[in-house]
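> Numbering (full-length UniProt numbering), first residue to last: 1 to 152.
(1) Using 10 angstroms around the beta-carbon of residue 5, count the other beta-carbons present and answer buried if the total reaches 16, otherwise exposed.
(2) Quick one: what does DSSP say residue 36 is sitting in, helix, strand or coil?
(3) Under DSSP, the alpha helix (DSSP H) around residue 105 begins and ends at which residues?
(4) Which residue from 59, 135 and 115 puts its Cα closest to that of residue 126?
(5) Measure the alpha-carbon distance for residue 71 versus residue 131 and round it to whole angstroms.
(6) Roughly how many whole angstroms lie between the Cα atoms of residue 153 and residue 102?
(7) In the DSSP assignment, the beta strand (DSSP E) including residue 131 goes from what residue to what residue?
(8) Which two residues bound the contiguous alpha helix (DSSP H) that contains residue 52?
(9) Starting from residue 151, follow its DSSP beta bridges and name the residues at the other end.
(10) Could you tell me the distance, in whole angstroms, from the CA atom of residue 150 to the CA atom of residue 93?
(11) Do residue 36 and residue 96 have their C-beta atoms closer together than 8 Å?
(12) For residue 12, count the other beta carbons within 10 Å of its own beta carbon; 16 or more makes it buried, fewer makes it exposed. Which is it?
(13) Does the separation of the CB atoms of residue 139 and residue 108 fall below 8 Å?
(14) Starting from the C-beta of residue 121, find all residues in its chain whose C-beta is less than 7 Å away, skip the five residues before and the five after it, and write them out in chain order.
Put into structure tokens, the structure is as follows:
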């Protein structure tokens, strides 16, 4: 059975939509997201990307708080590296589509591809490398069952 057939479209409303094409979250750009020029301030895109990743986990049934105490070692996800291409600006009141897809999940890391679009125009493309660590901050392996959730 393919990953596409295993995963069904699931609508989590406020947390976005999980489907065969990954996770999709809609967010509106508010005044607080913009700078004096009326464009989204570059650092705010990190917030949108984080919301996309967080709700992606939520839609997969992964509770970050529970992972910390799931076993004696604990499990935490931290951003290790991020590459971002800023292609086009967003403006106040734009509706953003934040897409998140897992490229790799295994060992002590995950690689996620994220995009922010508005009206089907690609604004931001990001590659996010997530380190998997224990509660003491040391690398640990991503459990196979958890990796399987990310790989669909």
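Where a beta carbon is used, it is the ideal one built from N, C-alpha and C, also for glycine.
A quick look at the data gives this:
(1) The pLDDT assigned to residue 5 is 44, lower than 50, so where the model puts this residue is not dependable; a value taken from the coordinates is nonetheless given after this. Per the 10 Å Cβ criterion, exposed.
(2) Note: residue 36 maps to coil in three-state DSSP.
(3) Per DSSP, residue 105 belongs to no alpha helix (DSSP H); it is in the beta strand (DSSP E), 95 to 106.
(4) Of the candidates 59, 135 and 115, the residue whose Cα lies closest to the Cα of residue 126 is 115.
(5) Cα-Cα distance, rounded: 18 Å.
(6) Not covered by the structure: residue 153. The range shown for the chain is 1 to 152.
(7) Element bounds for residue 131: 121 to 133.
(8) Here the alpha helix (DSSP H) through residue 52 covers 44 to 60.
(9) According to DSSP, which records beta bridges pairwise, residue 151 is partnered with nothing at all.
(10) Their backbone Cα atoms lie some 32 Å apart in a straight line.
(11) 8 Å or more divides the Cβ of residue 36 from the Cβ of residue 96.
(12) Model confidence at residue 12 stands at a pLDDT of 48, short of 50, so the residue's coordinates are unreliable and nothing is read from them.
(13) Yes, these two residues count as a Cβ contact at 8 Å.
(14) Hits under 7 Å: 88.
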